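**Q**
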Amino acid sequence: MEKPKVRPLVSLLFPEISCSALQHRSHELHEKFRGASSAADLALLVADIDAETASTDVQMRHLVEAATRKHTQQLSAVELLRAKLSGAITNSNELTKVFAAANDLGHLLTSKIRALDLEIENVNKTLAFVTDTQALKNNIGQIQYAIEKARWLEAAHCIHTINHELMSDLVTGKFALAVVPSSNIPELPKTAIDAWVTQLTETFLALFADAAKRRSVTEISEIFRLFPLIDQPEVGLKCYAKFICLIITDTSRTLIKSATQKEKKPGIYASATASLFESVLTMLSQHTPLITKHYAHLYPQAIVFVVSKIQREIDSQIGTIADTFYDLSRVEKTLSEIALHKFNALKKRLAGAESQPGEVLDTDLTSIVEIGDLINEFAAILHHWSLYCRFVTVKYFQAPETSKKEGLKLPDLLAASNFEKKIRAKYLPAFETLYTFYVRRSLEKAISIEELPLLEPFLAALKLPVPPEHAPISSIIEDITLVFNSTLRNVLDSAQPAAVRVFATDTFKTIRNDLVSGILQKALTDNQPRYNNTLSLIEENAAASTSVTPLITRSGTPAPESMGGFFKGASSAFGNVVGTGSAIVSAANPVATGNSPKLMAFIVYLNTVAAGQEFFEQIVQNFTIRNPQYLKLNYPFGHDEEIVLHLINTEMYDTFVSTTLQVIKQSLLMLLNQSIKNKLSTIVSDCFPDAGEENYMVHSLVTLNDPATMSRFKQDWDLLIRPYRQTLHTTLFEKLLRLIVVNAANMIEKRLVAVLKKFRINELGALKLDKDLSFIINEVCEDDYELREKFVRVTQLVLLVGMDNEEYEMSSYHGGEEDESGINWVLTPLERKQIRRLRL
12 MEKPKVRPLV SLLFPEISCS ALQHRSHELH EKFRGASSAA DLALLVADID
62 AETASTDVQM RHLVEAATRK HTQQLSAVEL LRAKLSGAIT NSNELTKVFA
112 AANDLGHLLT SKIRALDLEI ENVNKTLAFV TDTQALKNNI GQIQYAIEKA
162 RWLEAAHCIH TINHELMSDL VTGKFALAVV PSSNIPELPK TAIDAWVTQL
212 TETFLALFAD AAKRRSVTEI SEIFRLFPLI DQPEVGLKCY AKFICLIITD
262 TSRTLIKSAT QKEKKPGIYA SATASLFESV LTMLSQHTPL ITKHYAHLYP
312 QAIVFVVSKI QREIDSQIGT IADTFYDLSR VEKTLSEIAL HKFNALKKRL
362 AGAESQPGEV LDTDLTSIVE IGDLINEFAA ILHHWSLYCR FVTVKYFQAP
412 ETSKKEGLKL PDLLAASNFE KKIRAKYLPA FETLYTFYVR RSLEKAISIE
462 ELPLLEPFLA ALKLPVPPEH APISSIIEDI TLVFNSTLRN VLDSAQPAAV
512 RVFATDTFKT IRNDLVSGIL QKALTDNQPR YNNTLSLIEE NAAASTSVTP
562 LITRSGTPAP ESMGGFFKGA SSAFGNVVGT GSAIVSAANP VATGNSPKLM
612 AFIVYLNTVA AGQEFFEQIV QNFTIRNPQY LKLNYPFGHD EEIVLHLINT
662 EMYDTFVSTT LQVIKQSLLM LLNQSIKNKL STIVSDCFPD AGEENYMVHS
712 LVTLNDPATM SRFKQDWDLL IRPYRQTLHT TLFEKLLRLI VVNAANMIEK
762 RLVAVLKKFR INELGALKLD KDLSFIINEV CEDDYELREK FVRVTQLVLL
812 VGMDNEEYEM SSYHGGEEDE SGINWVLTPL ERKQIRRLRL
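Residues in the sequence shown are numbered consecutively from 12, following the working numbering.
(1) Can you list, in chain order, the residues of its chain whose CB lies under 7 Å from that of S692, leaving out five sequence neighbours each side?
(2) Check the DSSP bridge columns for A471 and list the partner residues they point to.
(3) In the DSSP assignment, the alpha helix (DSSP H) including T492 goes from what residue to what residue?
(4) Going by DSSP, what residues sit across from L419 in a beta bridge?
(5) Along the chain, where does the alpha helix (DSSP H) containing L778 start, and where does it finish?
(6) Give me the residue from L301, F648, N816 with the minimum Cα distance to P239.
(7) Which runs of the alpha helix (DSSP H) fall wholly inside the region 27-56 and span at least 4 residues, in chain order?
(8) Taking V191 as the reference, give the member of N150, T635, I170 with the closest Cα.
(9) If you draw a straight line from the C-alpha of Y735 to the C-alpha of R723, how long is it?
(10) My understanding is that A482 touches A622, with C-beta atoms under 8 Å, so please give their C-beta distance in whole angstroms.
(11) How close, in whole Å, do the beta carbons of S485 and T619 come, if the pair is a contact with beta carbons under 8 Å?
(12) In whole angstroms, give me the CA-to-CA distance for I271 and E289.
(13) Alpha carbon to alpha carbon, how far is A457 from S547? Give it in angstroms, no decimals.
(14) Which class does N716 belong to by DSSP, given the choice of helix, strand or coil?
(15) Between the alpha carbons of L164 and I259, how many angstroms are there, rounded?
(16) Could you pull the start and end residues of the alpha helix (DSSP H) that E842 belongs to?
(17) Just to check my reading of the structure: L237 and A167 have Cβ atoms closer than 8 Å, yes? What is that Cβ distance to the nearest angstrom?
(18) Looking at the structure shown, is N538 part of a helix, part of a strand, or coil, going by DSSP?
(19) Report yes if the CB atom of A223 is closer than 7 Å to the CB atom of F254, and no otherwise.
(20) State the beta-bridge partners of V523 as determined by DSSP.
(21) Under DSSP, the alpha helix (DSSP H) around Q312 begins and ends at which residues?
(22) Flag this pair as touching only if the region 631-651 and the region 376-388 have three or more C-beta atom pairs under 8 Å; answer yes or no.
(23) Enumerate in chain order the residues of its own chain whose CB-to-CB distance from E230 is below 6 Å, with the five nearest sequence positions on each side excluded.
(24) With respect to the alpha helix (DSSP H) encompassing S263, which residues constitute its N-terminal and C-terminal limits?
(25) By how many angstroms is the C-alpha of N773 removed from the C-alpha of I788?
(26) Using DSSP with H/G/I as helix, E/B as strand and the rest coil, what is R850?
(27) With burial defined as no fewer than 16 other Cβ atoms inside 10 Å of the residue's Cβ, what is the status of F626: buried or exposed?
(28) At which residues does the alpha helix (DSSP H) containing I751 begin and terminate?
(29) With 7 Å set as the bound, which would you pick, yes or no: does the beta-carbon of S696 sit closer than that to a beta-carbon of chain D?
(30) What three-state label does DSSP hand K353 in the structure shown?
(31) Look at the Cβ atom of R323, then the Cβ atom of I379, and state whether they are nearer than 7 Å.
(32) What does the Cβ neighbour count give for K643, buried or exposed, with the cut at 16 atoms within 10 Å?
(33) Thinking T742 and P479 are a contact (beta carbons under 8 Å), I'd like their distance in whole angstroms, please.
(34) Contact between the region 124-136 and the region 172-184 is defined here as three or more beta-carbon pairs at a separation below 8 Å; is this criterion met?
(35) Residues in its own chain within less than 6 Å of C400 by CB, not counting five upstream and five downstream?
(36) Use the C-beta contact count for L127: other C-beta atoms within 10 angstroms, 16 or more gives buried, fewer gives exposed.
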């Protein structure tokens with residue numbers, strides 16, 4: 012729309028009479044009035060005012076005339092616009108009339124179309140009703156014909172069509188009741204269909220039973236798919252479950268017959284249970300697609316229904332196999348016989364009593380091998396049951412919303428099964444009694460056939476000391492390790508947390524208390540070394556000529572993997588001080604020939620405790636750390652995995668390690684105090700003699716570099732430590748060496764303080780002392796920096812006596828524990844002052 016042009020105001024055409032112009036002229040006249048000083052001036056002012064008034068009047072008349080003309084023009088323009096608007100209003104009214112007529116026509120058409128749609132819909136419904144009625148009549152006729160000709164699939168399909176594809180109320184409707192019955196089929200549609208469903212159900216049942224009897228899988232599948240077509244899915248599922256139960260029964264009978272007729276062999280009933288479960292699960296897996304395809308739309312839980320129906324038969328047959336094993340293996344008789352065993356040999360060994368000549372100890376009424384076979388078979392049967400429960404739960408009963416934290420939940424169908432009840436009441440107590448007896452009796456047997464290896468071959472005076480690859484140990488620990496490994500595996504394979512709890516808390520006490528705290532502890536006490544009785548190396552030829560070689564680890568004993576030392580990685584603040592010093596070549600290693608039998612037995616039994624701890628650690632790790640899926644697969648339900656892991660680690664292994672470490676600690680202290688400490692004191696005294704001051708008041712470089720003392724130390728140290736390095740278990744030697752180093756450091760510190768108080772020391776003497784101590788530390792600690800830290804006090808002692816006065820004053824100036832040179836003092840300021848006085 013074009014915008015109207017903006018015209019200027021009329022008043023703008025007369026600027027002389029504008030407000031500002033009039034105010035200006037009024038101001039000028041006012042000024043003249045104020046400046047008038049005479050009548051003449053006033054007369055002139057009056058004349059000017061009159062002239063100005065006349066001029067203003069003229070301009071006002073012109074303004075009024077111009078404004079009047081402009082107003083007239085505007086009125087004319089408004090009148091013109093009014094005339095145009097009247098025409099537009101007339102056109103709008105005519106257009107409104109046209110739209111109203113069109114709207115009336117649209118309403119009329121809509122009503123007619125809706126009526127036509129309703130008529131079409133009614134016609135279609137009538138047509139569909141007539142068509143379905145005709146289809147109903149045709150299908151009823153086809154059903155009659157198909158049944159007469161034994162065409163069961165066609166008859167079932169026709170019934171399925173009537174029930175699910177035709178109108179739901181057609182069969183019972185009045186129209187169908189009137190037109191469908193005929194002379195051939197006079198019955199009402201509903202009555203006829205119900206009768207045919209009943210007839211076909213009976214027929215299908217008979218056909219299914221006949222096919223099942225003949226084991227015709229093809230016919231069974233064909234008939235099985237017919238039941239859902241006649242709306243009898245539950246009948247079909249029951250038939251199928253009955254068929255599976257029949258197969259389970261026949262399979263079980265065959266397996267039991269085969270097991271009882273064949274020569275009795277270990278594991279035959281475990282194989283029978285595995286075959287039975289494998290047969291059942293194979294059938295379920297193969298037929299699940301068929302069941303899902305034909306039954307899922309009518310019976311969503313069809314496969315669960317089947318499993319629930321066959322579980323009672325599975326319960327019965329697995330119970331029959333287990334009971335047959337239980338009875339034919341005479342488990343009750345075995346339990347009665349082992350209850351009579353008193354473990355007299357074990358009790359005598361624990362009590363330290365010797366067997367009297369002609370004394371009759373316990374005899375095995377049932378072979379320990381047979382008991383082991385029973386345990387294996389019990390574990391296998393329980394393991395197969397657990398696998399079956401896990402498969403059925405995961406495959407058919409696991410809820411989709413089950414969280415990982417909650418774990419699987421054993422269905423009530425399995426938890427309340429008869430076989431599960433038998434496990435709790437009958438099989439599990441027998442299993443626990445058998446493996447408890449097996450472990451203790453095996454320990455008793457291992458004691459009776461114990462072998463101790465000779466230690467002489469390990470004490471050969473070789474050029475280089477070699478730690479034993481397999482430390483000499485008693486055969487008891489190897490035998491009991493095999494028993495522990497096999498028994499723990501059987502207990503864990505049983506997948507019964509209750510069995511694991513009994514083994515960890517009760518059965519394992521036999522190993523912890525009877526073996527470690529009893530037999531081995533008593534053996535160590537009986538063979539404790541006499542005072543100042545140490546091991547000595549022997550000639551290599553003499554070691555090679557011994558009649559018995561060191562006992563090699565028996566076949567089947569778990570090979571211990573290499574274990575890191577107990578002490579690693581710490582760095583010493585005085586590494587640069589104690590790590591220096593020239594290498595000194597030692598003299599030939601002298602050897603001795605006599606060693607105390609008790610001391611050698613003590614070493615063997617101490618190795619036995621350490622090896623037992625290592626072997627058991629490897630076994631536990633095999634089941635937990637190295638194979639983390641093992642427990643998860645065997646204990647999938649609830650929190651069983653966490654419970655079993657806690658029992659193994661906390662209740663069993665941790666307590667065992669605590670017991671062995673206590674025995675090792677006490678034995679090593681006894682070995683140190685009885686055999687090593689006195690000899691070590693002598694070596695330290697020889698290194699720092701107090702007979703004269705020549706070792707501390709050195710006045711020549713010849714004396715400074717004299718290696719005689721250190722050569723003697725190396726020789727004495729090798730004689731002391733090498734026999735233990737070559738015979739002790741690696742972890743034991745590391746612990747023993749740590750104890751020796753701690754004692755050596757204390758002895759050296761006390762010896763130096765005592766000697767230097769007596770003789771004092773000069774600068775060259777301090778230098779020689781530093782070189783000698785560095786050699787000793789390097790020889791004793793080698794590359795173990797944590798051991799070097801044990802010598803911090805004595806190295807700081809040597810450092811203090813070796814300082815010149817300026818260094819000492821600077822060190823003393825800093826009162827803190829660490830001075831600016833980076834020395835972290837462990838000696839107190841008072842001790843440093845006292846030691847400094849020992850320097851000349």
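All C-beta atoms, glycine included, are put in the ideal place defined by N, C-alpha and C.
The structure presented is a predicted model; accordingly, all values stated were derived computationally and were not measured.
**A** Taking the structure as given:
(1) M758
(2) I549
(3) 486-504
(4) F648
(5) 774-792
(6) L301
(7) 30-46
(8) N150
(9) 19 Å
(10) 6 Å
(11) 4 Å
(12) Looking at the sequence itself, residue 271 is Thr, so the reference to Ile does not match. Rounded to the nearest angstrom, the two C-alpha atoms are 20 Å apart.
(13) 30 Å
(14) coil
(15) 29 Å
(16) 840-847
(17) 5 Å
(18) coil
(19) yes
(20) According to the sequence displayed, residue 523 carries Arg and not Val. In DSSP, R523 forms no bridge with anything.
(21) Premise fails: Q312 is in no alpha helix (DSSP H) and is neither H nor E.
(22) no
(23) A222
(24) 244-272
(25) 22 Å
(26) strand
(27) buried
(28) 741-770
(29) No chain D appears in this structure, which consists of one protein chain only.
(30) coil
(31) no
(32) exposed
(33) About 12 Å; that fails the 8 Å criterion.
(34) no
(35) L425
(36) exposed
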